Ligand SMILES: C[S@@+](CC[C@H](N)C(=O)[O-])C[C@H]1O[C@@H](n2cnc3c(N)ncnc32)[C@H](O)[C@@H]1O
């Protein structure tokens with residue numbers, strides 16, 4: 237197995253100009269990051285009719301942020317790597333960018349954000365990159381200042397790559413200590429390839445935990461999506477899987493720099509069923 | 017960096033700093049990026065924003081006359097003011113400048129629109 241990037245160098249060194257460039261040119265990376273950000277966004281369960289202010293933690297080149305843009309929210313991204321943020325500026329992202337180390341705490345006033353997402357960044361906090369670093373302390377500092385800068389009905393959703401069970405325990409216990417409740421959602425738990433960890437944290441309210449994908453509870457989720465499509469349609473947005481929806485989605489993919497098939501008269505047509 | 021984000025930033029992460037805002041803002045280069053006016057969004061942001069920080073931003077951005085000394089009570093019905101706030105908070109883009117911690121005087125530079133809030137080891 238390849239070595240984990242967190243073991244190679246501190247994030248501000250690992251994500252140098254070369255590594256950062258991959259996040260605007262490598263279609264495979266772009267594809268995966270966007271897909272995970274879309275799932276994290278779904279787990280945020282924002283009120284679809286409201287424009288929100290969202291924090292993207294470890295925003296990098298702004299791939300995860302582009303999913304927030306697509307849903308018409310305003311976002312602010314924080315990252316420790318200048319090279320990654322430079323790519324975000326180059327890509328002309330709509331979000332504001334702040335250079336900061338999440339382990340030193342979120343530099344925002346109380347009650348600022350309606351929600352937060354973080355894609356493939358949290359595992360970096362589990363390492364001590366400097367002699368003065370204590371991962372437990374940095375995680376606690378991070379979660380407690382994040383808790384404070386969110387509104388009291390917000391969620392924060394982290395997709396991350398825990399190294400082992402101890403790390404999961406360390407991360408969740410510091411989050412709970414900081415006042416959050418919630419827990420882990422593991423999508424496709426039985427697949428080595430598709431398995432994904434999402435830490436879903438809430439500041440208040442009593443909403444039930446979301447269900448993981450690829451488990452028997454999936455049925456219920458489909459219902460929810462159906463309902464959302466009906467609401468969307470009522471608001472004049474193209475219906476999911478319709479030709480208009482597919483064309484808009486392909487246009488977004490092109491803007492994000494992903495591989496996209498050309499539009500033809502067959503785009504979005506129903507297959508007849510026979511070959 | 018939008019001035020709404022400026023309003024939300026604090027230097028509280030520095031050891032010993034109590035409040036850390038409003039930060040003292042200096043703008044060396046600014047731009048205007050037009051964006052769609054959404055009055056409901058501005059209204060929702062207002063209770064989270066610090067009015068003294070809004071006033072400071074207006075002054076530095078050269079829009080002092082647009083923003084009253086105090087937040088009027090019926091702001092939801094005052095579309096003209098909401099539009100001015102939208103312009104100030106979401107359309108002015110600070111490209112170069114600096115933020116200064118009101119308690120310690122520590123300076124955070126803004127380059128290419130990105131405020132550098134990184135701290136040294138002995139500051140945390
Ligand atoms: C795998 S990249 C993902 C970037 C982006 N979220 C995406 O989905 O494309 C991980 C990012 O986390 C950032 N990161 C790692 N440690 C960090 C820290 N302590 N504070 C802030 N950002 C950090 C890295 O600089 C890098 O940009």
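Protein chains in written order, with the working numbering: chain A, 237 to 511; chain B, 17 to 140. We put the beta carbon where it would ideally sit given N, CA and C, even for glycine. In this text, all values refer to a predicted model and were calculated from it rather than measured experimentally.
Within its chain, find whatever has a CB closer than 7 Å to the CB of residue 300 of chain A; leave out the 5 residues flanking it on each side and keep chain order. 269, 273, 292, 353 and 355
From the DSSP output, in three-state form, read off residue 440 of chain A for me. coil
Any beta-carbon of chain B closer than 8 Å to the one on residue 410 of chain A? no
Report the rounded CA-to-CA distance for residue 81 of chain B versus residue 48 of chain B, giving the unit in angstroms. 18 Å
Which residue from A:351, A:447, A:346 and A:275 puts its Cα closest to that of residue 35 of chain B? A:346
Residue burial classification, residue 261 of chain A (beta-carbon count within 10 angstroms, cutoff 16): exposed
Should residue 140 of chain B be flagged as near chain A, meaning a C-beta pair shorter than 8 Å? yes
Return the CA-CA distance between residue 255 of chain A and residue 55 of chain B, expressed in angstroms with no decimal places. Computed Cα separation, rounded: 40 Å.
Contacts that residue 37 of chain B makes with chain A (C-beta to C-beta distance below 9 Å): For residue 37 of chain B, the residues of chain A that pass the 9 Å Cβ criterion are 345, in the order they occur in the chain.
Closest residue to residue 364 of chain A among A:245, A:504 and A:496 (Cα-Cα distance): A:245
Which residues in the same chain have their Cβ closer than 7 Å to the Cβ of residue 298 of chain A, if we skip the five residues on either side of it in sequence? Excluding its 5 nearest sequence neighbours in each direction, residue 298 of chain A has C-beta neighbours in its own chain below 7 Å: 313, 324, 327, 329 and 331, listed in chain order.
Which of the residues in the segment 325-346 of chain A, read from start to end, lie with their CB under 7 Å from any CB of chain B? 325, 332, 333, 334, 335, 336, 337, 340, 341, 343, 344 and 345
Closer than 8 Å, CB to CB, is residue 114 of chain B near chain A or not? no
Please return the same chain residues whose Cβ sits closer than 7 Å to the Cβ of residue 29 of chain B, not counting the five positions on each side in sequence. Taking C-beta separations shorter than 7 Å and ignoring five residues to either side along the sequence, the partners of residue 29 of chain B in its chain run 135 and 140, following chain order.
Chain-order list of residues whose beta-carbon lies under 8 Å from that of residue 450 of chain A (same chain, five-residue window excluded): 423, 424, 425, 426, 427 and 430
Find the residues of chain A that neighbour residue 32 of chain B, judging by a C-beta separation of less than 7 Å, and give them in chain order. Those do not exist, as residue 32 of chain B stays about 13 Å from chain A at its closest Cβ, beyond 7 Å.
Checking contacts by CB at 8 Å: is residue 366 of chain A closer than that to chain B? yes
Residue interval of the alpha helix (DSSP H) (run including residue 299 of chain A): Residue range 299-306 is occupied by the alpha helix (DSSP H) that includes residue 299 of chain A.
Residue 312 of chain A versus chain B: which residues are under 7 Å apart at the beta carbon? The contacting residues are 21.
Please report the straight-line C-alpha distance between residue 264 of chain A and residue 493 of chain A, rounded to a whole angstrom. 11 Å
Using 7 Å as the cut-off, classify the Cβ of residue 493 of chain A as near or not near the heavy atoms of ligand 1, replying yes or no. Not under cutoff, so the answer is no.
According to DSSP, is residue 456 of chain A helix, strand or coil? Note on residue 456 of chain A: pLDDT 46, under 50, position unreliable in the model; no value is reported.
Give the straight-line distance between the Cα atoms of residue 86 of chain B and residue 71 of chain B, rounded to the nearest whole angstrom. 9 Å
What first and last residue would you give for the beta strand (DSSP E) that runs through residue 44 of chain B? 40-48
Measuring from the CB of residue 322 of chain A, is there a heavy atom of ligand 1 at a distance below 7 Å? no
Just the Cα atoms here: how many angstroms apart are residue 92 of chain B and residue 102 of chain B? 13 Å
Just the chain B side, please: which residues come within less than 7 Å of residue 348 of chain A by C-beta, in chain order? 24 and 64
Just the C-alpha distance for residue 247 of chain A and residue 20 of chain B, rounded to the nearest angstrom, thanks. So the two alpha carbons sit approximately 28 Å from each other.
On the three-state DSSP scale, how would you describe residue 467 of chain A? For residue 467 of chain A, the pLDDT reaches just 48, beneath the cut-off of 50, and the residue's location in the model is therefore unreliable, although a value from the coordinates is still provided. Look at residue 467 of chain A here: in three-state DSSP terms it is helix.
Kindly indicate which residue of A:376, A:350 and A:486 has the alpha-carbon position closest to the one of residue 309 of chain A. A:350
Going by the DSSP bridge assignment, what does residue 67 of chain B pair with across the sheet? Residue 67 of chain B pairs with nothing; no bridge assigned.
To the nearest angstrom, how far is the alpha carbon of residue 420 of chain A from that of residue 382 of chain A? 18 Å
Taking Cβ positions only, does residue 304 of chain A come closer than 8 Å to chain B? Output row for residue 304 of chain A: interface = no.
With a cut-off of 8 Å on the beta carbons, I'd call residue 66 of chain B and residue 23 of chain B a contact; round off their distance for me. 6 Å
Using only alpha-carbon positions, find the residue among A:336, A:343, A:482 and A:440 that is nearest to residue 385 of chain A. A:343
Please state whether the Cβ-Cβ distance between residue 284 of chain A and residue 360 of chain A is less than 8 Å. The answer is no: Cβ separation not under 8 Å.
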